[in-house]
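Take a look at the structure set out below.
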Amino acid sequence: MVEIWFALLCFTIIVFVVLDGWDIGAGALHLIVAKSQTERREVIAAIGPLWSWHEVWLVAAGGTFLLAFPAIMAAAFSGFYLALWMVLWSFVLRGISIEVSGHFPDRMWQTFWDFVFAMSNLLLAVLFGAALGNVIRGVPVNETGTFSMALFTDFTARGQAGILDWYTLSVAVFAPLLLAAHGATYLRLKTTGPVHDRSDRLARAFWVITLVLFPVVSIATWLVRPDLYQSMAVRPVAWVFVVVMAAGTWALWDGFRRPAEMRAFIGSCAVIVGLLGAAAASVFPEFLHSTLSPEYSLTAYDGAASGRGLAIALVWWPVAAGLAVCYFVVIARKFAGKVRVSQDTQGSY
Amino acid sequence: MSDPAFWHRLQFAFTITYHYLFPQLTMGLAWFLVYWKWKALRSGDERYNAAARFWARIFGLNFAVGVVTGIPMEFQFGTNWAGFSKYAGAVIGQTLAMEGMFAFLLESAFIGALVWGEQRLGPRLHFLAALGVATGSWLSGYFILVTNAFMQHPVGHAVSADGTLVFADVRAYLLNEWALIQFAHNQAAALVTGTFAVTAVGAFYALRGVHQDQARLYLRHGTLAGVVAAVLVAFPTGDAQAKIVARYQGPALAAMEGRFESGPMADITLIGQPNVKERRLDNPIRVPGMLSFLAFGTFHSDVPGLDAFPPETWPTNIELLYYAFHVMAGLGTIFIGMMALATLQQLRGRLDSSRGLLWVLMLAFPFPFIANTAGWMTAELGRQPWLIYGLFRTDQGYSEVVSPGTVLFTIIGSAGLYFVLGLLYLYLVGRELLHGPADALTGPQGPAFPVSAGPPSIHG
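These protein sequence lines map, in sequence, to chains A and B. For the record, in the first sequence the residue sitting at position 28 is 75 according to our numbering, with numbers rising by one throughout. For the record, in the second sequence the residue sitting at position 251 is 269 according to our numbering, with numbers rising by one throughout.
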């Protein structure tokens, strides 16, 4: 039961990163990929009518985390207090700038909100990278099962580490590059004309950078947590994700060579799923690895809700997820294909 | 800063009060959109489509602010109330996850399609999008109210070996008596907010003499739905809510009424100022026996006052609780009278020419927001000093690892951000209202995006 809920929680988070990742990546590139007002509307329309549906997967993950692992959710969210509030504020700015920038076609108004949009997305990408880095490196969980983290301490990645140190910073740089590549691959699929051509160039550039940096980040991870590679080596589930990642990389290469835009986009999604899935499979059962002492680490087994709650939730949760996929298919089919600015933007005056 | 719980409470109170200004209008307006889309689908009458298109623009803005201020709410359970999450997360996490999985994923799948996608979707699916959003928003309200009802009147749980709560009985939890009553009361109150908004905009246009056709539509539907909703808030839902508070939260009812001494033939106080130190109400105007009747059904029932309960179970802010309750109940009564009068004039065909009444209806739109807020303050202040009534006290629930100074930092940051959000919202909604529904008549998207209105490139 604990394994299932760990998997479902990771699934929810990975769905969020893949879906909202293309919004965040496209958003972070917004100012570069689109120059004129019309082009910028095109990018917003490509992110389109489902951005809040993507974001809701994070809310669903928060609720699922609380229901399945209440003690760990409590320790993690209070321990990452300031960083999480920065995420929340970025979400506020991101959401509001999507909604208001198109509301009337004033040049300064739109320039301002497009800038806020790009910056909040960039900040989100950096913060999610830092978050992933923290989960991999571990946090200073103490004997009470809680921790309180400074935003930064001595940058050493040991002991009373801060949220930002040399390792988490390296992931915090890698994540925006990866999401930018993902977002550009999405825009390449959804747009036409100059935005499409710029997305194509940016996607190629960012994928090359990402794939070059990937070994560097992997070595950094090995320096910080060598044990993760040992557990990955003995877990077949992790191998599956490594294969998914390799297949995604091939689809990317092929999708840019031919070019086949949908194939490249699916490859992009697969790379992210594979990367995060392999990380989750290697980290299990530890949710929060303690940098102070291994016996303080919070594992899924220690932190899972007891009683019948998990069995009950296992009945309704997949039903809800299935329904959600149905809505998505209905709406996504209606909005399939390239964006048409005249049709897909809010009428304004 | 000596009491950390205070700062965590202040932040939650501020963020939830601000947030709930938006969902109440979302939930209230959603069924207007569904109804208008349905009428348009059935009759082909473009007036209904125009009304739906115009209100969908306001709805979209309102929804967006609701979403962005709503996300911090769920996360605060973990960031600021870690003690509570650890203790009760296995129970309340069920409904918070259900809200995300069932309600938000439904709502958010269709909101973009509702606001942006009339052309892409076609009339039938566009109607279904409105229905999906309305259903999702009400479902989300239900799951949150079940969560709150558990805190007001805990049922369906068990205590595990380590002292934390576990989920035991899904039926008892989801069909908590408190949740059903509170949901009915709260949703009726949200409808009041929606109907007052629609009526106020109708009155505004009628008084200005613009968009006459649409104005008549808003006035007719707003007042007819408004009088029903306003009555439902008081009876049976408000009445049932008061009775359940009387049954399970004796000290809360006593404090709401400013009743310090027990006894039969309990008065209801219309106005007066609680003087907790002296244990009395100053300058009271009372109706004898009414409280006994309303709470327990007969004039002779004995209604316990605060003296019947140990002081450590008294609500921590009796004065504010008393005022919150009286503001809510007073406004609720005024709403019934106002909407009844408007409906009467509407049915006589004279509402369009009753300029005095139109002024009142136009200026009345903020008051349902105040009444809803006061109602929630009544529920939440009445629950104190408990976080989960009778089980877990508020000062056990906050995150001990987060210092009050850090909380103040996020309070200040959120206040600044929310202030900007408020200005933006008022500006953009005001702009929509001044522009009006005129070009909503011209086509599914209004006028095409006027690319020519701005220079082609901001860089060159």
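Just so you know, even glycine gets a beta-carbon here, dropped at the ideal spot from N, CA and C. Keep in mind it's a predicted model, so treat the numbers as computed, not measured.
- 9 Å or more divides the Cβ of B:Gly159 from the Cβ of B:Phe168.
- When Cβ pairs closer than 8 Å are counted between the two stretches, the segment 103 to 111 of chain B is seen to touch the segment 406 to 415 of chain B, the count reaching three or more.
- Positions of the alpha helix (DSSP H) runs, each at least 4 residues long and wholly inside the segment 272 to 312 of chain A, are given as 273 to 280 and 283 to 304 in order along the chain.
- Contacts between B:Lys104 and chain A, judged by CB atoms closer than 7 Å, involve Pro117, Ala118 and Ala121 in chain order.
- Among the residues of chain B, those whose CB is under 9 Å from the CB of A:Leu97 are Ser126, Ala127, Gly130 and Ala131, following chain order.
- Contact between the segment 162 to 176 of chain A and the segment 218 to 237 of chain A is present, with at least three C-beta pairs closer than 8 Å.
- Using a Cβ-Cβ cut-off of 9 Å, A:Arg355 counts as an interface residue toward chain B, since at least one Cβ of chain B sits closer than that to its own.
- DSSP places A:Val259 within a helical segment (H, G or I) once states are collapsed to three.
- Its chain contains Asp301 as the residues whose beta carbon lies nearer than 8 Å to that of A:Ala307, once the 5 sequence neighbours on both sides are disregarded; these appear in chain order.
- Chain-ordered, the chain A residues with CB closer than 9 Å to the CB of B:Phe185 read Leu114, Ala352, Gly354, Arg355, Gly356, Leu357, Ile359 and Ala360.
- In this structure, B:Val321 sits away from B:Leu288, with a CB-CB distance that is not shorter than 9 Å.
- Neighbours of B:Leu139 in chain A, taken as residues at a C-beta separation under 7 Å, are given in chain order as Lys381.
- Within its own chain, the residues whose Cβ lies closer than 6 Å to the Cβ of A:Cys316, once the five positions on either side in sequence are excluded, are Val65, listed in chain order.
- When C-beta distances to chain A are compared with 7 Å, every residue of the segment 229 to 255 of chain B stays at or above that value.
- Among the residues facing chain B, A:Glu146 is included, as its CB has a counterpart in that chain under 9 Å away.
- Taking A:Ala197 as the centre and dropping the five residues before and after it, the same chain places the C-beta of Gly209 closer than 6 Å to its C-beta, in chain order.
- Between the segment 251 to 259 of chain B and the segment 297 to 308 of chain B, the count of Cβ pairs shorter than 8 Å is below three; the stretches do not touch.
- Listed by position along chain A, the residues whose Cβ is nearer than 7 Å to that of B:Pro90 are Leu135.
- Where B:Glu337 is concerned, the enclosing alpha helix (DSSP H) starts and stops at Ile336 to Leu365.
- Contact annotation: the segment 178 to 190 of chain B does not touch the segment 198 to 206 of chain B, with fewer than three C-beta pairs closer than 8 Å.
- Counting only residues of its own chain and dropping the five nearest sequence neighbours on each side, B:Ala190 has a CB closer than 6 Å to the CB of Val173 and Gly174.
- Not a single C-beta of chain B is nearer than 9 Å to the C-beta of A:Ile313.
- Each of A:Val289, A:Trp254, A:Ala347 and A:Phe331 was checked against the Cα of A:Ile119, and the nearest Cα belongs to A:Ala347.
- Within the model, the alpha-carbon separation for B:Leu124 versus A:Cys373 is close to 10 Å.
- Listed along chain A, the residues sitting closer than 8 Å to B:Gly431 by beta-carbon distance are Trp132 and Trp136.
- Taking a Cβ-Cβ cut-off of 8 Å, the neighbours of A:Ala107 in chain B comprise Ala115, Gly118, Met119, Phe122 and Leu123, given in sequence order.
- A direct Cα-Cα distance of roughly 22 Å separates A:Pro152 from A:Thr239.
- Annotation for B:Gly62: no alpha helix (DSSP H) segment contains it, and DSSP assigns it neither H nor E.
- A:Pro241 is not a Cβ neighbour of B:Gly111, given a cutoff of 9 Å.
- Shown here, A:Ile210 sits in coil according to DSSP, grouped into three states, outside any helix or strand.
- Residues of the segment 150 to 165 of chain A that bring their beta carbon within less than 8 Å of a beta carbon in chain B comprise His150, Phe151, Pro152, Asp153, Arg154, Gln157 and Thr158, in sequence order.
- Its Cα nearest to that of A:Ala326, the residue A:Arg272 stands out among A:Met309, A:Ala352 and A:Arg272.
- Across the segment 185 to 196 of chain A, CB contacts with chain B closer than 8 Å involve Thr193, Phe194 and Ser195, in sequence order along the chain.
- Following the DSSP letters along the chain, one finds B:Leu146 inside the alpha helix (DSSP H) bounded by residues Glu136 to Gln170.
- One finds Gly118, Phe122, Leu123 and Ser126 in chain B with Cβ atoms closer than 7 Å to the Cβ of A:Val103, taken in chain order.
- Counting along the chain, A:Phe331 sits inside no beta strand (DSSP E), nor does DSSP assign it H or E at all.
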